[in-house]
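Note that UniProt numbering has the sequence shown beginning at 1, numbered continuously upward.
The beta carbon of each residue, even a glycine, is placed where N, CA and C say it ideally should be.
Worksheet: one structure, shown below.
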Amino acid sequence: SGPASTTLGSLRVEVARSLDIHKQRVRLAYKSEVLDDDNQPLRALLPTDASLTVAVTASSLVYKCSTCGWILGGLTCAECGRLLVLAEGEGGGASCPEGHGGAEAPLCCGEHMVGDACSEYQLDAQPHRKDVDESLCPRWSCASCDFGIVSVRCLKCESIGAELARNGFFERCFCAYVWTCQKGCSRGNGSGGGLLHDGTFKCACGANSLACHEY
């Protein structure tokens with residue numbers, strides 16, 4: 001029930017708020033048909049007094065670069081070990097579901113990657129390794145609030161995610177720490193994509209970029 005001008009999208013927002021989940025996980029269906037036009041008023045989609053079925057999809061936060069097509073996922077809070085979720089509002093940032101902090105959408109090819117709560121990828125959180133492995137992706141930390149991200153994975157080559165590895169070429173030639181997909185995803189196309197380094201993530205506290213402080 002509600003005003004005749006209520007849209008499908010606004011109803012999904014209210015349902016998501018009541019369930020304390022992100023809107024993109026809420027699906028509304030009428031007679032087994034999922035409704036997907038968020039901009040349509042309900043009166044244009046449904047008969048009077050129609051009943052809707054609410055479905056909640058499993059989802060994982062993924063980021064995709066609109067230039068090189070690189071896909072990142074598996075971002076995990078270093079404090080509690082839970083997968084980050086898509087932050088509410090504009091910008092497509094990531095946040096810890098336990099409130100430990102968040103980050104802006106990562107940069108790739110000179111622009112922010114596009115974030116999405118996607119049911120296509122079913123990822124498990126991967127707790128941070130107790131023993132530092134300098135060949136793999138480190139903890140990315142904010143020097144101001146200490147929020148950290150671990151377990152950044154490439155999803156372009158594997159749906160379960162392949163952890164990024166330190167790329168020795170950049171260290172030898174440019175004295176720079178850079179992490180890339182172990183299979184070279186989104187590299188070699190001239191766009192400069194497929195690279196993770198200091199400055200890729202910026203903390204949501206607004207103070208600093210997240211940086212590698214482990215080695």
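Go through its chain and collect everything with a Cβ distance to residue i's Cβ below 8 Å, but skip five positions before and after it.
i, result
"residue 37", "8, 45"
"residue 31", "none"
"residue 1", "Note on residue 1: pLDDT 48, under 50, position unreliable in the model; the coordinate value appears next. Nothing listed; no residue qualifies."
"residue 205", "101, 142, 144, 145, 147"
"residue 50", "30"
Can residue i and residue j be called in contact, C-beta distance under 8 Å?
i, j, result
"residue 84", "residue 117", "no"
"residue 80", "residue 98", "yes"
"residue 126", "residue 74", "yes"
"residue 13", "residue 23", "yes"
"residue 112", "residue 89", "no"
"residue 199", "residue 186", "no"
"residue 78", "residue 149", "yes"
Please list the terminal residues of the continuous alpha helix (DSSP H) segment that includes residue i.
i, result
"residue 60", "Where residue 60 is concerned, there is no enclosing alpha helix (DSSP H), although the beta strand (DSSP E) it sits in stretches over 60 to 64."
"residue 172", "168 to 174"
"residue 44", "42 to 45"
So is residue i buried or exposed if we call it buried at 16+ other beta carbons inside 10 Å?
i, result
"residue 174", "exposed"
"residue 132", "exposed"
"residue 155", "buried"
"residue 19", "exposed"
"residue 211", "buried"
"residue 53", "exposed"
"residue 161", "buried"
"residue 184", "exposed"
"residue 153", "buried"
"residue 110", "exposed"
"residue 201", "buried"
"residue 168", "exposed"
"residue 115", "buried"
How is the beta strand (DSSP E) around residue i delimited, first residue to last?
i, result
"residue 8", "It is not in any beta strand (DSSP E) - residue 8 instead sits in the alpha helix (DSSP H) that spans 8 to 19."
"residue 117", "114 to 118"
"residue 27", "26 to 30"
"residue 73", "71 to 73"
"residue 148", "148 to 150"
"residue 35", "33 to 35"
I'd like the list of long-range same chain contacts for residue i, defined as Cβ closer than 6 Å, with 5 residues on each side in sequence excluded.
i, result
"residue 108", "65, 70, 193"
"residue 170", "176, 178"
"residue 166", "135, 179"
"residue 41", "5, 7"
Thinking residue i and residue j are a contact (beta carbons under 8 Å), I'd like their distance in whole angstroms, please.
i, j, result
"residue 179", "residue 137", "5 Å"
"residue 145", "residue 203", "6 Å"
"residue 61", "residue 94", "6 Å"
"residue 67", "residue 191", "5 Å"
"residue 164", "residue 123", "Not a contact, Cβ separation roughly 14 Å."
Using only the heavy atoms of the ligand ADP, determine whether one of them is closer than 7 Å to the beta carbon of residue i.
i, result
"residue 71", "For the ligand ADP, the structure offers nothing, since it holds no ligand at all."
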